[in-house]
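Below is one structure, written out as structure tokens, with a few remarks after it.
Chains as they are written, first to last, in our numbering: chain Z, 3 to 159; chain Y, 3 to 159.
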């Protein structure tokens, strides 16, 4: 379905998109974070074609993001659960949600509220500096390539 | 190019993906955050077909994420700059990068280092609770739908 692979790019954004950047995949992960585990539940919530869903789930299992477990013998039925590698995608899903809450939802406001269980407060998590703990925006950050990188030039010869 | 629209879904993740979820778009935004502004520079860095790049850039301009500005008269040439709405996508790009740094890059480690300009320290921003400032993981968070939401049922009738 994809027209080009990003796998040769020496870039962590590209490598992540190579794994989860296909149409539907991030909505499957959103549903996984909401507790959806079964094929038919994903299919009904998303309204996605079954062959596309199968392909996306297989890819996520193959990449170690979802784990496929049999929960019934006759007939055999499977559920899909997030692994540690998959759970670690939470900031990606929440960052997408947060931007949509601000820029792309309807006048009634966000459909979902998040609560931080340890402290009990509502609120969508934010990105903060690892050191000074201040909230971070694009203008606050500067980037540099590490020595010898990118290994594959971004500008082809 | 997309086979289905997510625009009817009452979900901020889906609404965001509707705008930026197409193949290539997030790499265009990554490059914008790295200071790339000109069509030919995007094209060379990404190796994407010119017609696809044109389509993706037009869509980002139409959505108010990039602004198209003429920087030369004869022949007319344009550059693409992030708007406030676009700059606000920084956490999405950083979340993708951070996951890739941990799970999808090569043994030499991440290709890029970020610095927080106000405090001067290196380090990728972390995802923290808005209230208690503790680092957040998926297991720490719970979600609920707000009253009357989702407006469009996730499970179709």
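For every residue, glycine included, the Cβ atom is placed at its ideal position computed from N, Cα and C.
Keep in mind the model is a prediction, meaning the values are calculated, not measured.
Legend entry - C-beta neighbour in chain Z for residue 80(Y), strict 8 Å: Not an interface residue.
Inset, instruction - Check whether the Cβ of residue 74(Z) lies closer than 8 Å to any Cβ atom in chain Y. - result: no
Legend entry - Interface flag, residue 143(Y) vs chain Z, CB-CB below 8 Å: It does; some Cβ of chain Z falls within 8 Å.
Legend entry - Whether residue 151(Y) touches residue 12(Y) by CB criterion (8 Å): Cβ atoms of residue 151(Y) and residue 12(Y): closer than 8 Å.
Inset, instruction - State the Cα-Cα distance for the pair residue 39(Z) and residue 99(Y), rounded to the nearest angstrom. - result: 27 Å
Inset, instruction - Check whether the Cβ atoms of residue 59(Z) and residue 15(Y) sit closer than 8 Å, and answer yes or no. - result: no
Legend entry - Interface positions of the region 126-143 of chain Y facing chain Z (Cβ-Cβ less than 8 Å), listed along the chain: 126, 127, 128, 129, 130, 131, 132, 133, 134, 135, 136, 138, 139, 140, 141, 142 and 143
Inset, instruction - Determine the direct distance from the alpha carbon of residue 64(Y) to that of residue 105(Z), and round the result to whole angstroms. - result: 14 Å
Legend entry - 8 Å Cβ cutoff, residue 36(Z) in contact with chain Y: yes
Legend entry - Short Cβ contact (8 Å threshold) for residue 140(Y) with residue 116(Z): For residue 140(Y) and residue 116(Z), no; Cβs fall outside 8 Å.
Inset, instruction - Could you check how far apart the C-beta atoms of residue 44(Y) and residue 33(Y) are, in whole angstroms? I think they sit under 8 Å. - result: 6 Å
Inset, instruction - Report buried or exposed for residue 124(Y), applying the criterion of at least 16 other Cβ atoms within 10 angstroms of its Cβ. - result: exposed
Inset, instruction - Identify whether residue 132(Y) lies in helix, strand or coil by the three-state DSSP scheme. - result: coil
Inset, instruction - Using a cut-off of 7 Å between C-beta atoms, extract the partners of residue 151(Y) located in chain Z. - result: Simply 113.
Inset, instruction - Select from 142(Z), 136(Z), 62(Z) and 102(Z) the residue whose C-alpha is nearest the C-alpha of residue 20(Z). - result: Per the Cα distances, 62(Z).
Legend entry - Residues within the region 54-67 of chain Y neighbouring chain Z, beta-carbon criterion of under 7 Å: none
Inset, instruction - Check the Cβ-Cβ distances between residue 40(Y) and every residue of chain Z, and say whether any is below 8 Å. - result: No, residue 40(Y) lies away from the interface with chain Z (no Cβ there is under 8 Å from its Cβ).
Inset, instruction - Please list the residues of the region 12-27 of chain Z that have a C-beta atom closer than 7 Å to any C-beta atom in chain Y, keeping them in chain order. - result: Those would be 12, 13, 14, 15, 16, 17, 18, 19, 21, 23 and 25, in chain order.
Inset, instruction - Take residue 127(Y) as the anchor and find which of 97(Z), 82(Z), 153(Z) and 103(Z) has the nearest alpha-carbon. - result: 97(Z)
Inset, instruction - Give a yes or no on whether 8 Å exceeds the smallest Cβ distance from residue 104(Z) to chain Y. - result: yes
Inset, instruction - Please name the residue, chosen from 129(Z), 94(Z), 137(Z) and 154(Z), that lies closest to residue 22(Z) on a Cα-to-Cα basis. - result: It is 94(Z) whose Cα lies nearest to the Cα of residue 22(Z).
Legend entry - Residue of 68(Y), 18(Y), 92(Y) and 81(Y) minimising C-alpha distance to residue 129(Y): Checking every option, the nearest Cα to that of residue 129(Y) belongs to 92(Y).
Legend entry - Chain-ordered chain Y contacts of residue 107(Z) [CB-CB under 7 Å]: 14 and 17
Inset, instruction - Name, please, each residue of chain Y whose Cβ falls closer than 8 Å to the Cβ of residue 117(Z). - result: 143, 144, 145 and 146
Legend entry - Nearest to residue 122(Y) (by Cα), restricted to the options 51(Z), 35(Z) and 138(Z): 138(Z)
Inset, instruction - Report, in whole angstroms, the separation of the C-beta atoms of residue 118(Z) and residue 133(Y), which I expect to be a contact under 8 Å. - result: 7 Å
Legend entry - Closest Cα partner of residue 114(Z) within the set 149(Y), 26(Y), 37(Y) and 102(Y): Checked all of 149(Y), 26(Y), 37(Y) and 102(Y); the closest Cα to residue 114(Z) is 149(Y).
Legend entry - Spatial neighbours of residue 9(Z) in its chain, beta-carbon cut-off 6 Å, leaving aside the 5 residues before and after: 20
Legend entry - Completely contained alpha helix (DSSP H) runs for the region 75-114 of chain Z, where each covers 4 or more residues: For the region 75-114 of chain Z, whole alpha helix (DSSP H) runs of length 4 or above, ordered along the chain, are 86-89 and 92-105.
Inset, instruction - Look up residue 117(Y) in the DSSP assignment and give the residues it is bridged to. - result: 144(Z) and 124(Y)
Legend entry - As assigned by DSSP and simplified to three states, the class of residue 70(Z): strand
Inset, instruction - Compute the beta-carbon to beta-carbon distance between residue 73(Y) and residue 81(Y), rounded to the nearest angstrom, for a pair I have assumed lies under 8 Å. - result: 5 Å
Inset, instruction - If I'm right that residue 69(Z) touches residue 52(Z) with Cβ under 8 Å, what's the distance once you round it to whole angstroms? - result: With a Cβ gap of about 21 Å, residue 69(Z) and residue 52(Z) do not count as contacting.
Inset, instruction - Tell me, to the nearest whole angstrom, how far the beta carbon of residue 102(Z) is from that of residue 18(Y); I am working on the premise that it is less than 8 Å. - result: 4 Å
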